[in-house]
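Peer 1:
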Amino acid sequence: MRIVFMGTPEFSVPSLRALIESDHQVVGVFTQPDRPKGRGGKVQMSPVKELALQFDIPVFQPLKIRKDGVEDLKALAPDLCVTAAFGQILSQEILDVPKMGTVNVHASLLPRHRGSAPINWAILQDEEKTGVTTMMTDAGIDTGDMLLKHEVPIQDSDTAKSLTLSLANVGAELLLETITKLSTGTCPSIKQNEAEMTYDPMLRKDMGELDLAQTSRSLFCRVRAMNPWPCAYIPCANGNLKVWQAQLKETNQTARPGTVLAADPKQGLIIATGVGALELLEIQAPNAKRMMAKSFLLGRSIEPGILINEATI
RNA sequence: CGCGGGGUAGAGCAGUUUGGUAGCUCGUCGGGCUCAUAACCCGGAGGUCGAGGGUUCAAGUCCCUCCCCCGCAA
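Dropping the structure here:
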């Protein structure tokens, strides 16, 4: 089959790789335009583009595929389009091009967590499981009929980063299975139950802020959900203290949320929350590199008893 | 050339302003104390101070060049 792949970040890579290694022919790849990124504003290409170039697959990077990608897509004459975290919304005109339609790989158990950050939201909301769903793309956002679904439990050790990695691999397998069943006409197709749907917005930087009045559990989830981006943080006197890794801590103290309960290399850095306490395991001070909290405390000191928000770190 | 912080022992930091024998905390090794310990005491090992060049009697410290890491903004 002639397949056109559309995707952008790391999550898309295993799916594209799976297609390349399959019997199908990836005749073109659409991905977001190269953009200035990071310090110094160097222009970087997407992970999907890097992979496509390695295999000499033609790459297309329209600013808006709806406007200036249609002709290119038609010229490729695809039997099937596959999208996986592409980052652009497809128009009906685009969807009409491939004979067999467009399959999307989405990192949630639809109809829950529609939108662009399903993995983060599943962790943030402390759900027991999430997964990958393949679906026939229609003109809505993640609203098409569901094809195959694969559940994955969410563990306390999971972060958005680790789950993205495993779901990307699950997605790649599920994609191949989906295509196989589609081509043999044995693929189930189920309408999404609109009553059960949730749509989650894109992540914003300020969603990383930890409100220490919340429960330890919800803060713990936020830390994991915002890793690696935008990264959870606690506003302090001289900037944001990023929290890369934390763990729940039992306590019978009833100190004000934000109170530093302990801050030494032996006990670690423990902060009182609305309910319970949270030990900050891996942190990053402003202008500094990330490190284990116990290492941090070897070189700098924080007074126990003060509010972390008022501390200079 | 977007703005800024930084590179000193295995780890985290001080020392750089005002050049003059390389420090602190932790870890590590050895010894001691203890019923015992992540506690305490004593002792030791471990450093091309990111790289190169320059100034100087003398450079971690001053000057120039380069490399690497990080925060902010996008």
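Numbers 39 to 351, taken from this note's numbering, label the letters of the first sequence in order.
We put the beta carbon where it would ideally sit given N, CA and C, even for glycine.
Since the structure is predicted, the reported quantities are computational estimates derived from the model, not experimental observations.
Measure the C-alpha to C-alpha separation of R260 and M174 and round it to an integer number of angstroms.
Peer 2: Approximately 31 Å, taken between the alpha carbons.
Peer 1: Alpha carbon to alpha carbon, what distance is there between S256 and D164?
Peer 2: Between D164 and S256, the C-alpha separation is close to 7 Å.
Peer 1: Would you check if the region 247-256 and the region 298-318 touch, i.e. whether three or more CB-CB distances between them fall below 8 Å?
Peer 2: Flag = yes, the region 298-318 and the region 247-256 touch.
Peer 1: Look at the Cβ atom of L54, then the Cβ atom of L89, and state whether they are nearer than 8 Å.
Peer 2: In contact: L54 and L89 (Cβ atoms closer than 8 Å).
Peer 1: For L186 versus T168, is the C-beta distance shorter than 8 Å?
Peer 2: The answer is no: Cβ separation not under 8 Å.
Peer 1: Do the region 176-184 and the region 141-159 touch if we need at least three Cβ pairs shorter than 8 Å?
Peer 2: With the cut-off at 8 Å, the region 176-184 and the region 141-159 touch.
Peer 1: Give the straight-line distance between the Cα atoms of N325 and A270, rounded to the nearest whole angstrom.
Peer 2: So the alpha carbons of these two residues sit roughly 16 Å apart.
Peer 1: When DSSP builds the beta bridges, which residues end up paired with H144?
Peer 2: Per DSSP, T171.
Peer 1: According to DSSP, is L307 helix, strand or coil?
Peer 2: DSSP places L307 in strand when its eight states are reduced to three.
Peer 1: In angstroms with no decimal places, state the Cα-to-Cα distance between L212 and V170.
Peer 2: Whole-angstrom Cα-Cα distance: 8 Å.
Peer 1: From Q322 to P47, what distance separates their C-alpha atoms?
Peer 2: Each residue's alpha carbon lies about 25 Å from the other.
Peer 1: From what residue to what residue does the alpha helix (DSSP H) around G337 run?
Peer 2: Its alpha helix (DSSP H) spans residues 331-337.
Peer 1: So for L57, helix, strand or coil by DSSP?
Peer 2: Three-state DSSP puts L57 in a helix.
Peer 1: Which of the three DSSP states is assigned to W353 in this structure?
Peer 2: Here the chain covers residues 39 to 351 and nothing more, so residue 353 does not appear.
Peer 1: Output the boundary residues of the alpha helix (DSSP H) element that contains G223.
Peer 2: Run containing G223: none; DSSP gives neither H nor E here.
Peer 1: Enumerate in chain order the residues of its own chain whose CB-to-CB distance from L220 is below 8 Å, with the five nearest sequence positions on each side excluded.
Peer 2: Here the set comprises L118, M138, V141, L185.
Peer 1: Does the region 224-232 touch the region 71-80, meaning 3 or more C-beta pairs lie closer than 8 Å?
Peer 2: The answer is no - the region 224-232 does not touch the region 71-80, with fewer than three Cβ pairs under 8 Å.
Peer 1: Cβ of T202 within 8 Å of Cβ of I157?
Peer 2: For T202 and I157, yes; Cβs fall inside 8 Å.
Peer 1: Under the three-state reduction of DSSP, which class applies to T216: helix, strand or coil?
Peer 2: The answer is helix: DSSP assigns T216 an H, G or I state.
Peer 1: Hey, G45 and T69: beta-carbon distance below 8 Å or not?
Peer 2: Taking 8 Å as the Cβ cut-off, G45 and T69 qualify as a contacting pair.
Peer 1: Taking the continuous beta strand (DSSP E) assigned at A263, which residues delimit it?
Peer 2: Counting along the chain, A263 falls outside any beta strand (DSSP E), though it belongs to the alpha helix (DSSP H) covering 254-263.
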